[in-house]
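There are 2 protein chains.
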Amino acid sequence: MRQRRSVMGERLSYRDAGVDLDAASNHTERIANLVSGGVTGFAAGVPLPPMRDPLLISSTDGVGTKLLLAQELGLLDGLGQDLVAMCVNDLVCVGARPLVFLDYLAVGKLDPDVSAELVASIAGACALAGCALVGGETAELPGLYAPHHFDLAGFASGVVERDELLGPERVADGDLIVGIPSSGLHSNGYSLVRKLISERSLVPDPGLLLEPTRIYVGDMLAALEGGVPVRSAAHITGGGLPENLPRALPEGLGARLDRTTWDLGDAARAILATGRVDEQEAFRTFNMGLGMCIVVAPEGAEQLTALVDGGRVVGEVRTGATGVEVV
Amino acid sequence: MRQRRSVMGERLSYRDAGVDLDAASNHTERIANLVSGGVTGFAAGVPLPPMRDPLLISSTDGVGTKLLLAQELGLLDGLGQDLVAMCVNDLVCVGARPLVFLDYLAVGKLDPDVSAELVASIAGACALAGCALVGGETAELPGLYAPHHFDLAGFASGVVERDELLGPERVADGDLIVGIPSSGLHSNGYSLVRKLISERSLVPDPGLLLEPTRIYVGDMLAALEGGVPVRSAAHITGGGLPENLPRALPEGLGARLDRTTWDLGDAARAILATGRVDEQEAFRTFNMGLGMCIVVAPEGAEQLTALVDGGRVVGEVRTGATGVEVV
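First to last, the protein sequences are chains A and B.
Each step along the first sequence adds one to the number in our numbering, with nothing skipped, and position 111 is 111.
Each step along the second sequence adds one to the number in our numbering, with nothing skipped, and position 199 is 199.
This is how it looks when you write it as structure tokens:
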């Protein structure tokens, strides 16, 4: 990564090898003002806050096949938020404050309009997440991607004090689970979504299916800075509640969720309404209305639900329950 | 990113949508012991060393079309080192010590053998670079990549004391430039290499063309810990010496390199021997034998060349010289 975002690859007069340097240069200039940080030429930096015993926490993710649906529907401007959210929502699950974000954008043939739109969307999402987009890489790989195809990967790092690290080891029997609504399907389950669309079981409604993934950084930092006794948290991604919520719980404790306490949301309802996906499969594929679950000491639940937009108690942690029971 | 490396995407019984979960599970198990760090379930962490005024430095890169040549020749085991080197060599240019690395591997269809080979190769390279492979993401994206195609992106973060940050502002007229040999073409210029091969101007000799990128972390840290008065450094990637070395120099100072002081190496000689690329173009496309250039105060040059394997003085910094002159 370079201070001015770089376009990887080859130089000089071989546009005939498929690399368009005029487009690359145009791209670099157009996005230069979107990238912050960058203390020097070869790698970008930000100051670390003074801390007692810091852990550096890092996460990487992509947006999966949601980007294919976005390309098919011609609406790319939410993908940056999806990408940033997928990474930073993992960081806050351990209590880390995201500091920096970098993206890797690989294209078959660089289209400066598309690339600039994607990077602008990433920069906007970084502002929402309170982290600096310190750089990124745009790779033009003519033999690997078809001309209009691209892939996006993101990388976030942040810090947490060691003694404030959230995790399963803090969780006790009787703790409550506060669910925070998702904004839609977020960035998981899109191979199934595209299959349902191709079968004509599902209408490809962009408002329903491309809503950007909610960023939970503000919610989580408000809770932590407000002194809420948060134990652990689970970002509900691929595998849904049954696979992700147990990662916030220790061995021997399970979660019992009350299905009447939250709203599935329009997108999950639309999936179920196709009649092609049974509810159990849907719960294992989509977030089903809850994008983040926070495990909290019982005395902190009221404060937490007041601080977090749409948050409500959706269940509790119980000995004897195995995995996630939805009743 | 998850403590156990995750395979992104969708779950359950929809292998028919193109996502193979048995292969994914096999992949996850096989690479689990390669991933270190990971303090908790959702994002991975390492302790930060005690520092006075730390900067967090981050870098991202890919391996470009070298991976297409590696796939064509059926030799993938050097790509992990290429990926790690491209990222960590940028970090050490500013004096940062790499701490963590994460990879993003996107495939059309998951082949556990190929993926495990790639991640093993990445893990080995992280050991060489002295950083922890704290996690990564494997994305199976059937509609985006052809079945046997994949892309790789890497992310590295490290730290440096603010008052030890290297960079152009430290450089003075009369400083010397120590070049460190490259191991071959490293990871740049491969669109041109593949074009030369397709024209039958160049023999696709894997030993010559796929040698993994040299990792300069050990060299640079030895110099810094040895008290060598290093000013700045340039990782010679796309654009070659003419585009990368000036990034280690301030406005108004140029570099004058003596071409007789270093060896181009066999790979660069083979490119020139095709007769299809003139020397000036080759210098703007390939590293031409020097993968890293370190700018050092004159009194430190002898100590530096003694500490760095193959390092030698290749030029000097001069007022009046513009950009990079090779004489």
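No residue lacks a Cβ here, since even glycine has one placed at the ideal position from N, Cα and C.
Model, not experiment: these values are computed from the prediction.
Residue environment, residue i, which counts as buried when at least 16 other CB atoms sit within 10 Å
i	result
E243 (chain A)	buried
D278 (chain A)	exposed
P206 (chain A)	exposed
D151 (chain B)	buried
G158 (chain B)	buried
G289 (chain A)	buried
A306 (chain A)	exposed
P181 (chain B)	buried
E169 (chain A)	exposed
E225 (chain A)	exposed
G315 (chain A)	buried
T285 (chain B)	buried
V308 (chain A)	buried
G275 (chain B)	exposed
R247 (chain B)	buried
Cutoff 9 Å: residue i Cβ touching any chain B Cβ
i	result
T60 (chain A)	yes
V217 (chain A)	no
H149 (chain A)	yes
C126 (chain A)	no
C93 (chain A)	yes
S115 (chain A)	no
L144 (chain A)	yes
A234 (chain A)	yes
R194 (chain A)	yes
L253 (chain A)	no
DSSP beta-bridge partners of residue i
i	result
M292 (chain A)	A:I180 and A:H235
D103 (chain A)	A:G136 and A:G154
G45 (chain A)	B:I57
V324 (chain B)	B:A255
P98 (chain A)	A:G158
E316 (chain B)	B:L176 and B:R256
V171 (chain B)	V171 (chain B) is not bridged to any residue.
G62 (chain B)	B:A153
is_contact[residue i, chain A] using C-beta, thresh 9 Å
i	result
Y374 (chain B)	Only positions 1 to 327 of chain B appear in the structure, and residue 374 (chain B) is not among them; the question remains open.
I57 (chain B)	yes
A44 (chain B)	yes
M51 (chain B)	yes
A267 (chain B)	no
G310 (chain B)	no
R200 (chain B)	no
A135 (chain B)	Here residue 135 (chain B) turns out to be Gly, not Ala, going by the sequence shown. Interface residue, yes.
S182 (chain B)	no
D175 (chain B)	no
S157 (chain B)	yes
P298 (chain B)	no
Cβ shell of residue i (< 7 Å), same chain only, five flanking positions each side left out
i	result
P147 (chain A)	G108 and K109
G167 (chain B)	V94 and S232
T65 (chain A)	Y190, S191 and R194
A106 (chain A)	A139, L141, Y145, F150 and D151
G252 (chain B)	T319
L73 (chain A)	P204, P206 and L210
L56 (chain A)	S157 and V159
Cβ pair residue i, residue j closer than 9 Å
i	j	result
G311 (chain B)	G95 (chain B)	no
L99 (chain B)	L48 (chain B)	yes
D103 (chain A)	G136 (chain A)	yes
G184 (chain A)	D266 (chain A)	yes
D263 (chain A)	R162 (chain A)	no
D175 (chain B)	T319 (chain B)	no
L257 (chain A)	L272 (chain A)	no
P212 (chain A)	A270 (chain A)	no
M292 (chain A)	S187 (chain A)	no
I215 (chain A)	V295 (chain A)	no
L210 (chain A)	L75 (chain A)	yes
G130 (chain B)	T60 (chain B)	no
I122 (chain B)	G80 (chain B)	yes
V217 (chain A)	V88 (chain A)	yes
L69 (chain B)	I197 (chain B)	yes
A223 (chain A)	L304 (chain A)	yes
Spatial neighbours of residue i in its chain, beta-carbon cut-off 6 Å, leaving aside the 5 residues before and after
i	result
M220 (chain A)	V92
L245 (chain A)	A234, A255, C293 and V324
G300 (chain A)	V228 and P229
I236 (chain B)	N244, N287, L290 and G291
S58 (chain B)	S157
A268 (chain A)	F286, M288 and G289
Own chain partners of residue i with C-beta closer than 8 Å, once the 5 adjacent residues on each side are dropped
i	result
T260 (chain B)	none
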